[in-house]
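Colleague: Numbering (this note's numbering), first residue to last: 952 to 1290. We put the CB at the ideal spot given by N, CA and C, even for glycine. In this text the structure is predicted, and so the values were computed from the model without any measurement.
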Ligand code: PHE
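1) Looking at C-beta atoms only, is the number of pairs between the stretch 1078-1092 and the stretch 1148-1156 that lie closer than 8 Å three or more?
2) Could you tell me if the beta carbon of residue 1212 falls within a distance shorter than 7 Å of some heavy atom in the ligand PHE?
3) Going by DSSP in three states, residue 982 sits in which element: helix, strand or coil?
4) Which runs of the beta strand (DSSP E) spanning at least 3 residues fall entirely within the stretch 1145-1215, listed in chain order?
5) Sort 1214, 1236, 1224, 955 by Cα distance to residue 1177 and report the nearest one.
6) When you compare the CB of residue 1042 with every CB in chain C, is at least one pair closer than 8 Å?
7) With contact counted as at least three CB pairs below 8 Å, one residue from each stretch, are the stretch 1005-1024 and the stretch 986-997 in contact?
8) Suppose you measure from the CA of residue 1132 to the CA of residue 1247; what does that come to, to the nearest Å?
9) So the candidates are 1060, 972, 984; which of them puts its Cα closest to the Cα of residue 1281?
10) What would DSSP say about residue 988, mapped onto helix, strand or coil?
11) Could you pull out every residue in the same chain whose Cβ sits closer than 7 Å to the Cβ of residue 1080, ignoring the five residues on either side in sequence?
12) Do residue 1212 and residue 1229 count as a contact pair if the criterion is CB distance below 8 Å?
13) At a threshold of 7 Å, does residue 1219 count as lining the ligand PHE (C-beta to nearest heavy atom)?
14) Would you check if the distance between the CB atom of residue 1265 and the CB atom of residue 1242 is smaller than 8 Å?
15) What's the C-alpha gap between residue 1223 and residue 1056?
16) Residue 1188: buried (16+ other C-beta within 10 angstroms of its C-beta) or exposed?
17) Report, in whole angstroms, the separation of the C-beta atoms of residue 1293 and residue 1122, which I expect to be a contact under 8 Å.
18) Per DSSP, what kind of secondary structure is residue 1231 in: helix, strand or coil?
19) Please confirm if the stretch 1017-1037 is in contact with the stretch 1100-1110, defined as three or more CB-CB distances below 8 Å between the two stretches.
20) Can you tell me whether residue 1214 is buried or exposed? The criterion is at least 16 other CB atoms within 10 Å of its CB, across all chains shown.
In structure tokens, the structure reads:
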């Protein structure tokens, strides 16, 4: 018995030297001190040991057991330590490295202007309607009282896709589409992208407009003036004055250009308003009865007004941007500066 126990101790001693990790240690633990381990088995044989020998054998087994368990504990601590160190090394963080900056997304300056205008219009009861950018000549021109070969076509230098399909030169075709498909009263705005053959510091081949259209009984120029005054005051401040200058658009009669007192100098005259104290912001007018008839609306019963505003120029004025093309270069250093 005694030899057997010492043999176990010897074997264990030798094996302990070869254990390299926690898995192997676990295997060792089961082999010697587990439920069916070598030492446990030996203890079962104690019954056969004579009374005299029992205390000595018992304490020998205990010594070997303590020896093995102490070693297991030591190795366990060692391996756990090693594993932790390895993990720390692998997951080392360089706290001096500069962080990755997550910039917040922003609306584009043009979208900001759009949002201000759309919010103000929706507050005044307008519904937002959008239309196609690749448009039929019919809606872009003909129904708006600009037949083929009409001299007014020169006012809008057009990208033709075919003879009958154009890139819309303004958002006014949405007027025609809505009037053709609905019955008055109508009160819509139509924001969107528009195209003309133009490219310099104050013109871009792609630009943006918002169109407004109100059709009902007894609509007059006075309604137009009241509504635009309110709208422009919401946008530019209560003290903003507006004035109408006679103008010409084939789809409105009479037609006007709408000026506001310069929001920068309040009418005193500055470089933004070219020292006039006024700034041109939109075209507008009473919808030409011919347009109403073209769209199937009885011009003896109904009348209406329309206005169209360029968003790009307005964005330039509001933010003192010197060149329209800056709005389309998407240089974040520039875009970040626009409030
Ligand atoms: N569609 C015109 C333009 O782009 C603007 C406008 C709209 C004028 C509605 C009058 C009425 O020039």
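Modeller: Taking the geometry as given:
1) With the cut-off at 8 Å, the stretch 1078-1092 and the stretch 1148-1156 do not touch.
2) False, no ligand heavy atom lies under 7 Å from that Cβ.
3) Here residue 982 carries a helix assignment [DSSP, helix/strand/coil].
4) At a cut-off of 3 residues, the continuous stretches assigned as beta strand (DSSP E) that sit fully inside the stretch 1145-1215 are 1157-1167, 1193-1200, 1203-1212.
5) Ranked by Cα distance from residue 1177, the first of 1214, 1236, 1224, 955 is 1236.
6) Of the protein chains in this structure there is only one, and it is not chain C.
7) Yes: the two stretches touch, three or more of their Cβ pairs being nearer than 8 Å.
8) Rounded to the nearest angstrom, the two C-alpha atoms are 9 Å apart.
9) Comparing Cα positions, the closest option is 1060.
10) Three-state result, residue 988: coil.
11) The beta carbon of residue 1080 lies closer than 7 Å to those of 1125, 1129, 1139, 1141 in the same chain, with the five residues before and after it left out.
12) Yes.
13) Outside the cutoff, so no.
14) The Cβ atoms of residue 1265 and residue 1242 do not sit closer than 8 Å to each other.
15) Approximately 30 Å between the Cα atoms of the pair.
16) The residue in question, residue 1188, is exposed, as its Cβ has fewer than 16 Cβ neighbours within 10 Å.
17) Outside the displayed span of the chain (952 to 1290) sits residue 1293, for which this structure offers no information.
18) Residue 1231 falls in the strand class under three-state DSSP.
19) Proximity of the stretch 1017-1037 to the stretch 1100-1110 falls short of the contact definition, fewer than three beta-carbon pairs being nearer than 8 Å.
20) Buried.
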